[in-house]
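In full-length UniProt numbering, the protein residues as written are 1 to 396.
For each residue, glycine too, the CB sits at the ideal point set by N, CA and C.
Here the structure is a predicted model, which is why all the values come from computation and not from measurement.
For reference, the structure is listed below as structure tokens.
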Amino acid sequence: MAQKVYVVGVGMTKFEKPGRREGWDYPEMARESGTKALEDAGISYDLVEQAYVGYVYGESTSGQRAVYELGMTGIPVVNVNNNCSTGSTALYLAAQAIRGGLADCALGLGFEKMQPGSLGSVFDDREQPMMKHIQALAEISEVRFPPAPWMFGAAGREHQEKYGTTDEQFAKIGYKNHKHSVNNPYAQFQEEYTLQDILDSREVYAPLTKLQCSPTSDGSGAAILASESFVDKHGLADRAVEIVGQAMTTDFQSTFDGTAKSIVGFDMAKQGAQRVYEQSGLGPEDFQVIELHDCFSTNELLTYEALGLCAEGEGGKLVDANETTYGGKWVVNPSGGLISKGHPLGATGFAQCAELTWQLRGAADKRQVENVTAALQHNLGLGGACVITAYQHANR
């Protein structure tokens, strides 16, 4: 019988522009986020039985080096790399260990130390993992570099051509997320812009402008996961948040059905969400707050539809009705999202987990959403993987 899984502690660093903090290497990042998560849970590192550590850019056992800042207790440490969904994949594996009865307390941790500028490949003497996706998109769209904004921008253009979505509707998502981040001390950017500022910023690949694109970032996040018996033994129920549904999907044959939205992960998100709704008994209307993978504003709009917040083609109308910000049906990316909070690849999934844990505890300060009873997380990596997680407070 599957065990219940609880998040009992979360922690993260402030996300920063790469290289901004001189001498800030990944061990220091991991020590900061991991220590905060342990302190939040009120436990010591020697109670952790397994650790799953995510990063994209790093050497083979950087995970061990990172958690050695917290202690050296001989436990299994698994290094995880799954592109932009690396952090949530590490979270998924830690939860799986608890759910399967293999551990009562597990640490999930993610970090990234990135280079400034657009993402690039490191190993150029072998097949690139996204080449199949790039080739498929090249059959229906002009090829542009760097690949990421081209791919998600092409999906936005496709949506515009099919449903009449406007540049302004996409820009409103960037406006919203930058506005939300003003109240997040962990965010890389904390500056509010006008809608015109968003539209007038440098074009990256139409309809995307710079202020609708997530930046490269340095930073780390962590979560302590525990079983029900561990929560009871250590008196953690008052701060425990239950993972009531969780699914990880990878590409389906339909990814390559000849549409840009499928190539950039729409079907992975849609099918993952359906699995989570079935597991949790919750539907889109039951969540009040959502952290989703807005690597680009176009993907946030597509994800509204993949998660079932609205019908396909209706994402623009949802934006215009202000249904995804404070006062609407959902508050999406109260943290500022990847666009404004930042996107250190291995840490992003844990930052989302931390934000939703704080929201469910009523501890999100100026970002707090009213009457939160359930929260939803979506984290995507092309190539591809998608992790969807649903949370509720343990006492509900």
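Secondary structure of asparagine 299 (DSSP, three-state): helix. Taken through DSSP and simplified to helix, strand or coil, serine 220 comes out as strand. When secondary structure is reduced to three states using DSSP, alanine 385 falls in the strand class.
For valine 7, the number of other beta carbons within 10 angstroms of its own is at least 16, and it is reported as buried.
Looking at the DSSP output, methionine 248 bridges to Val387. Cα atoms of glutamine 279 and valine 244: separation of roughly 7 Å, rounded to the nearest angstrom.
Distances from the CA of glutamate 139 to each of Asp197, Ala154, Ile173 were compared; the closest alpha carbon is that of Ala154. DSSP places histidine 159 in the helix class (H, G or I) of the three-state scheme. By the Cβ test, the segment 309 to 319 is not in contact with the segment 346 to 360, since fewer than three Cβ pairs between them sit closer than 8 Å. Sixteen is the threshold: since fewer than 16 other Cβ atoms of the shown chains lie within 10 Å of the Cβ of proline 146, the residue is exposed.
Boundaries of the beta strand (DSSP E) harbouring asparagine 79: 77 to 80, taken from the DSSP string.
Here the alpha carbon of threonine 373 sits roughly 31 Å from the alpha carbon of glutamate 16. Beta-bridge partners of threonine 209 (DSSP): Glu203. Leaving aside the five residues that flank arginine 144 on each side, the residues in its chain whose CB is nearer than 7 Å to its CB run, in chain order, Trp150, Tyr205. Between the segment 30 to 41 and the segment 119 to 133, the count of Cβ pairs shorter than 8 Å is below three; the stretches do not touch.
By the Cβ-count criterion, proline 185 is exposed, with fewer than 16 other Cβ atoms from all chains shown falling within 10 Å of its own Cβ. A residue is called buried once 16 or more other Cβ atoms fall within 10 Å of its Cβ, and lysine 261 is buried on that count.
Serine 297 and threonine 61 have their C-alpha atoms spaced approximately 34 Å apart. With fewer than 16 neighbouring CB atoms inside 10 Å of its own CB, methionine 72 falls in the exposed class. In the DSSP assignment, valine 319 falls within the alpha helix (DSSP H) that extends over 315 to 320.
Between threonine 86 and glycine 346 a beta carbon distance of about 5 Å is seen, short of the 8 Å cut, so the two are scored as contacting.
Looking at Val122, His133, Ala226, the one whose alpha-carbon comes closest to that of leucine 38 is Ala226. Taking 8 Å as the upper bound for CB-CB distance, proline 344 and glutamate 28 are not in contact here, some 13 Å apart. Sequence-distant partners of lysine 179 (beyond 5 residues in either direction) whose C-beta falls short of 7 Å from its own C-beta, in its chain, are Glu192. Counting along the chain, the unbroken beta strand (DSSP E) around phenylalanine 111 starts and ends at 105 to 112.
Going by beta carbons, lysine 341 and alanine 187 fall inside the 8 Å limit. Annotation: the continuous beta strand (DSSP E) that includes tyrosine 6 extends over 6 to 12. Look at glycine 328 here: in three-state DSSP terms it is coil, with no helix or strand label. Taking 8 Å as the cut-off, the Cβ atoms of glutamate 228 and glutamine 377 do not count as close. In the same chain as serine 220, and ignoring 5 residues on each side of it, the C-beta atoms closer than 6 Å to its own belong to Thr13, Met29, Ala30, Ser33, Phe111, Ala347, in chain order. With a beta-carbon spacing of about 7 Å, glycine 384 and threonine 255 fall inside the 8 Å limit used to define contacts. Of the other Cβ atoms in all chains shown, 16 or more fall within 10 Å of the Cβ of valine 332; this residue is therefore buried. Apart from the 5 residues on each side of it in sequence, glycine 362 sits with its Cβ closer than 8 Å to the Cβ of Gln368, Val372 in its chain, given in chain order. The beta carbons of aspartate 294 and glutamate 285 sit about 21 Å from each other, so the pair does not count as a contact at 8 Å. In the structure shown, valine 241 adopts extended strand secondary structure according to DSSP, grouped into three states. Distance from the CA atom of glutamine 64 to the CA atom of asparagine 81, rounded to whole angstroms, is 14 Å.
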